[in-house]
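Peer 1:
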Amino acid sequence: MSVKYLRRAYVSFATHVYDVPPRMLAFLMFIALAILPLTQLNLTILERLTYANMIAILAVSWDLLVGRTGQISMGHALFWGVGAYSAALLFQYFGWPAWMTIPITMLVGVGIAVGIGIPCLRVKGPYLALVTMSLPLAVVGFLYYYPSAFHADTGIRLSALWPASFGWTGSFLANYYLSFALMAVSAVIIYKIATSKTGVVFVSLLDDELASKASGINVTKYKLLAFAISGLFGSLAGCVQGYFASSARPTAFDISLSIIPILVTILGGIGTIYGPLVGSYIYYLLYYYVFPPIIRWIAPSYAASVGVAGQQLVGFVIFLVIVIIFATRWPRGIARAIVDKLDDLQEAREIGEKK
Amino acid sequence: MLLEEIIILGTVTSLVYALLALGFTLIYGVSGVINLAHGALVMVGAYIFGALVGFFPSLFPAGFSHVAVVVLAVILTTILTGIIGSIFYRLTLHSILGDQIATLVVSITGCMLFAQLIWLVFGATLTARFPVNLFPGYRTLLGVTVLNDQTLGAVVSIILFVSLSIFIAKSRTGMAMKALSQDIEAAMLMGISVEGMYMLTSAIAGAIASIAGVFIASIAGAASGDMWLSALSISFSVVILGGLGNIKGTIVGAVIFGYSVEAITLLGGGGLVASFPFIVLIIVLLIRPKGLFGKHVEME
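Here the protein sequences line up with chains Y and P, keeping their order.
Position one of the first sequence corresponds to residue 193 (this note's numbering), numbered consecutively onward.
Position one of the second sequence corresponds to residue 1471 (this note's numbering), numbered consecutively onward.
See the structure below:
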């Protein structure tokens, strides 16, 4: 009996992951991330990876909404910020513990997503992009207008996630594994949704909305569903990251949090679901551990004069250039490009064999 | 008193906002490209102008008139920013024409890129301010204090609007742009170079953006590292309010936006200025999803 299940799991793995090189890469990266803290315990690296995990969730939720259904959101920071802030407000005013606030926060995220999704059904394309982009900006202005209620200047402190007995290192490790588990679970759930029947309907909305409507698909329902799922995971990521940082500030609505998920998704491949995961780790790897040493190596005196922050800024500029090149050369993402190329090669080989 | 303030300052602000959005709407009207890098070009213009004005006095003999320096700097700024905008368009957005998601993503990335480059070159941070001054001083009109730069900005805005409308309506190049906005294939058959026209449009839009940037920065007293975002959101909102690609609609959008901002500020809601325009925008879009003036009206 169990052999049968193992066999089935293996077949599923082989067809879904092993046969597609970029997915295999993503899978290996998963394993590497899981065992990394066992080999080397560096708190800085752990903290950065924890953050990268959360950004990965945000990016995947963005990819499901934009890459699959084609509803352009340029304001995913809204979900992130709503996640962090609603948990913080619940803690501040009611003193609720994390295990209560996190699910409620996710519900709030869904509520907000549906709340903005219903009116946004009327606007399309660039108009939708603008409305979503301006929402977080409007919220930030609002937070600063009532600074005493929202503690806009100092931020709201959040309770510690772990008991004090965990210690400093222990809580970092626990943070890391919690974020890793959340990332893995969210990624698998979103991947499952994207490959299910619902996911196929999502893609039909992207390809031809009119045709899907004509086929009897309830377009409104599926659009809202995509918004809701995206809001659920986006607010989860923001909320948990709020707990990790133990505070919620208006910077949680910052435009950079709307743009970074887009950048990493473009890097990994839009509409692939696993692409943004890989992209977000590559982004943080490049940002912290690849660009600064290269800059120090090429231009030591310049690097010394600008300091680490300046080196990271230069690195970010290089990263942006890379993303622009990727997005203009391969608009559907690097992963798609590789898969297509491999398919072409395979086809060419088969044709060659026949001859 | 309050009413006069709202009317005069609202008019001036509206005209400056219209100037800010003009380049954006021009590009969309001609090529259908939503170039979010417009916000960054505004900032690029302001910084280039500031650098030139800071650099020029060492070049010219003492006693060289301030007006001449400013005019020279503005001309150089518009040329440089126009070239930058045009090259950016050709290198990035031209190859993904028609792909809306990619265009939005690439242009917002380009926007970030320009902003970061400026931070690098000018050692700026988000809060550091880079002094930009055209003509310091102010005048009083009906008891309302108006900065010289605001007046000049409003006048320049009107001049640019009128001349651009005439350019599009009368000149050969302008008519070619209009033709492209109506039917690309027919325009190509008539021997119009799509690439060249789109690059020219981007250059004109970049030049106008830089002028707007100079005025915006000068009215605020300085250019800052985050002005691209406000410039982008203002111009995007104005354009959307009036309907994308519709030059007349842009003026109406700017008027609504400018007056509402000034009214809110003067009525004491200073803190809400950051969010109120967006609320107006969201409400308008929800009532009329394609802006106040319907969709993509033919360029006029």
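Every residue, glycine too, gets a C-beta built ideally from N, C-alpha and C.
#1: Whose Cβ in chain P lies nearer than 8 Å to the Cβ of Met266(Y)?
#2: Are the region 1699–1716 of chain P and the region 1494–1514 of chain P touching by the rule of at least three beta carbon pairs closer than 8 Å?
#3: Using only the alpha-carbon positions, how far apart do Ser1651(P) and Ser1633(P) sit?
#4: Quick one: which chain Y residues come within Cβ less than 9 Å of Ile1566(P)?
#5: At 7 Å on the CB atoms, spell out the chain P contacts of Phe334(Y), in chain order.
#6: Apply the 10 Å Cβ neighbour rule to Thr1551(P) and answer buried if 16 or more other Cβ atoms are within range, or exposed otherwise.
#7: If the criterion is Cβ atoms closer than 8 Å, does the pair Tyr1559(P) and Tyr1668(P) meet it?
#8: Under DSSP, the alpha helix (DSSP H) around Val1541(P) begins and ends at which residues?
#9: Using a Cβ cut-off of 9 Å, which residues of the region 1554–1565 of chain P contact any Cβ in chain Y, in chain order?
#10: Going along chain Y, which residues have a C-beta under 7 Å from Ser1730(P)?
#11: Do we get a CB-CB distance below 8 Å when we pair Asp1569(P) with the residues of chain Y?
#12: With which residues is Lys440(Y) paired in a DSSP beta bridge?
#13: Which residue spans inside the region 1627–1706 of chain P form an unbroken alpha helix (DSSP H) run of at least 4?
#14: Could you compute how far the alpha carbon of Asp211(Y) sits from the alpha carbon of Phe286(Y)?
#15: If we cut at 8 Å on Cβ distances, does Tyr480(Y) have a partner in chain P?
#16: If I measure Cβ to Cβ from Ile294(Y) and keep anything under 6 Å in the same chain, skipping five residues before and after, which residues do I get?
#17: Tell me the rounded alpha-carbon separation between Phe445(Y) and Tyr338(Y).
#18: Let me check understanding here. Comparing Cα to Cα, which of Leu198(Y), Leu459(Y) and Val513(Y) lies closest to Trp522(Y)?
#19: I'd like to know whether the C-beta atoms of Ile1681(P) and Met1697(P) end up nearer to each other than 8 Å.
#20: Between Phe1605(P) and Tyr1517(P), is the Cβ-Cβ spacing less than 8 Å?
#21: Using the Cβ count rule (16 or more neighbours within 10 Å means buried), how would you classify Asn410(Y)?
#22: Thr464(Y) by DSSP, collapsed to three states: which one?
#23: Tell me the DSSP secondary structure of Val209(Y) in three-state form.
#24: Is there a Cβ from chain Y that is less than 8 Å from the Cβ of Leu1546(P)?
#25: Can you pull out the residues from the region 306–335 of chain Y whose beta carbon lies closer than 8 Å to at least one beta carbon of chain P?
#26: Tell me the rounded alpha-carbon separation between Ala341(Y) and Ser371(Y).
#27: When Cβ atoms are compared, which residues of the region 420–443 of chain Y fall closer than 9 Å to chain P?
#28: Considering Tyr1776(P), what are the terminal residues of the beta strand (DSSP E) in which it resides?
#29: Strictly by DSSP, which residues pair up with Leu1617(P)?
#30: Taking all protein chains shown into account, do 16 or more other C-beta atoms lie within 10 angstroms of the C-beta of His208(Y), making it buried, or fewer, making it exposed?
#31: Going along chain P in order, which residues have a C-beta closer than 7 Å to the C-beta of Phe508(Y)?
#32: Please look up how many angstroms separate the CB atoms of Leu478(Y) and Gly507(Y), rounded, as I've assumed it's under 8 Å.
#33: So which residues on chain P does Gly467(Y) lean against when the C-beta distance must stay under 8 Å?
#34: Taking C-beta pairs closer than 7 Å, name the residues in chain Y that Leu1751(P) reaches, listed in chain order.
#35: Any beta carbon of chain Y sitting closer than 8 Å to that of Phe1637(P)?
#36: Pull out every residue of the region 243–275 of chain Y whose Cβ sits closer than 9 Å to any Cβ of chain P, in chain order.
Peer 2: Per the coordinate set shown:
#1: As a position in the first sequence, residue 266(Y) is number 74, starting the count at 1. The answer, in chain order, is Leu1574 and Ile1578.
#2: yes
#3: Against the second sequence, residue 1651(P) aligns to sequence position 181. Against the second sequence, residue 1633(P) aligns to sequence position 163. Taking the straight line from one Cα to the other gives about 19 Å.
#4: Against the second sequence, residue 1566(P) aligns to sequence position 96. Ala519, Thr520 and Pro523, listed in chain order.
#5: Counted from its first residue, the first sequence places residue 334(Y) at position 142. Going along chain P in sequence order, the residues near Phe334(Y) (Cβ under 7 Å) are Ser1745.
#6: Indexing the second sequence from 1 puts residue 1551(P) at position 81. It is buried - the Cβ of Thr1551(P) has at least 16 other Cβ atoms within 10 Å.
#7: Sequence index remark: in the second sequence, residue 1559(P) carries index 89 (1-based). Sequence index remark: in the second sequence, residue 1668(P) carries index 198 (1-based). Yes, these two residues count as a Cβ contact at 8 Å.
#8: Counting from one through the second sequence, the residue named residue 1541(P) turns up at place 71. That run of the alpha helix (DSSP H) goes His1536 to Leu1561.
#9: Leu1561, Thr1562, Leu1563, His1564 and Ser1565
#10: Locating residue 1730(P) in the second sequence gives position 260, counting from the first residue. Chain Y residues near Ser1730(P): none, gap ~14 Å exceeds 7 Å.
#11: By 1-based counting over the second sequence, the position of residue 1569(P) is 99. Asp1569(P) counts as touching chain Y.
#12: In the first sequence, residue 440(Y) corresponds to position 248, counting from 1. According to the sequence shown, residue 440(Y) is Ala rather than Lys. Ile348(Y), per the DSSP bridge assignment.
#13: 1642–1652, 1654–1659 and 1664–1690
#14: Position 19 of the first sequence, counted from the start, is the residue given in the question as residue 211(Y). Position 94 of the first sequence, counted from the start, is the residue given in the question as residue 286(Y). Cα to Cα, Asp211(Y) sits roughly 51 Å from Phe286(Y).
#15: For the purposes of this step, residue 480(Y) is identified with residue 288 of the first sequence, where counting begins at 1. Chain P contact via Cβ: absent.
#16: Translated into positions along the first sequence, residue 294(Y) becomes position 102. Same-chain partners within the cutoff: Cys431.
#17: Position 253 of the first sequence, counting from 1, holds the residue named residue 445(Y). Position 146 of the first sequence, counting from 1, holds the residue named residue 338(Y). Going from the Cα of Phe445(Y) to the Cα of Tyr338(Y) covers about 16 Å.
#18: In the first sequence, residue 522(Y) corresponds to position 330, counting from 1. If we check each option's Cα against that of Trp522(Y), Leu459(Y) comes out closest.
#19: Along the second sequence, read from residue 1 onward, the residue named residue 1681(P) stands at position 211. Along the second sequence, read from residue 1 onward, the residue named residue 1697(P) stands at position 227. No, these two residues do not count as a Cβ contact at 8 Å.
#20: Counted from its first residue, the second sequence places residue 1605(P) at position 135. Counted from its first residue, the second sequence places residue 1517(P) at position 47. Not in contact: Phe1605(P) and Tyr1517(P) (Cβ atoms no closer than 8 Å).
#21: Counting from 1 along the first sequence, the entry for residue 410(Y) is found at position 218. It counts as exposed.
#22: Here the question's residue 464(Y) lines up with position 272 in the first sequence. Here Thr464(Y) sits in coil by DSSP.
#23: Locating residue 209(Y) in the first sequence gives position 17, counting from the first residue. If DSSP states are grouped into helix, strand and coil, Val209(Y) belongs with the helices.
#24: Here residue 1546(P) refers to the residue found at position 76 of the second sequence. No, no contact with chain Y.
#25: Pro311, Arg314, Val315, Lys316, Gly317, Pro318, Tyr319, Ala321, Leu322, Val323, Met325, Ser326, Leu327, Leu329, Ala330, Val331, Val332, Gly333 and Phe334
#26: Here residue 341(Y) refers to the residue found at position 149 when the first sequence is read from its first residue. Here residue 371(Y) refers to the residue found at position 179 when the first sequence is read from its first residue. Straight-line Cα distance between these residues: approximately 30 Å.
#27: none
#28: Here chain P covers residues 1471 to 1770 and nothing more, so residue 1776(P) does not appear.
#29: Here residue 1617(P) is taken as the residue at index 147 of the second sequence, counted from 1. The partner list for Leu1617(P) (beta bridge, DSSP) reads Tyr1608(P).
#30: Sequence index remark: in the first sequence, residue 208(Y) carries index 16 (1-based). The residue is exposed, with fewer than 16 neighbouring Cβ atoms inside 10 Å.
#31: Mapped onto the first sequence, residue 508(Y) falls at position 316. Near Phe508(Y) (Cβ distances below 7 Å), the residues of chain P are Gln1586.
#32: Residue 478(Y) sits at position 286 when you count from the first residue of the first sequence. Residue 507(Y) sits at position 315 when you count from the first residue of the first sequence. Confirmed, Cβ separation roughly 7 Å.
#33: Position 275 of the first sequence, counted from the first residue, corresponds to residue 467(Y). The contacting residues do not exist; Gly467(Y) stays about 13 Å from chain P at best.
#34: Numbered from its first residue, the second sequence carries residue 1751(P) at position 281. Residues of chain Y passing the Cβ test: Ser326.
#35: To locate residue 1637(P), count along the second sequence from 1; it is residue 167. Chain Y contact via Cβ: absent.
#36: Val258, Gly259, Gly262, Ile264 and Met266
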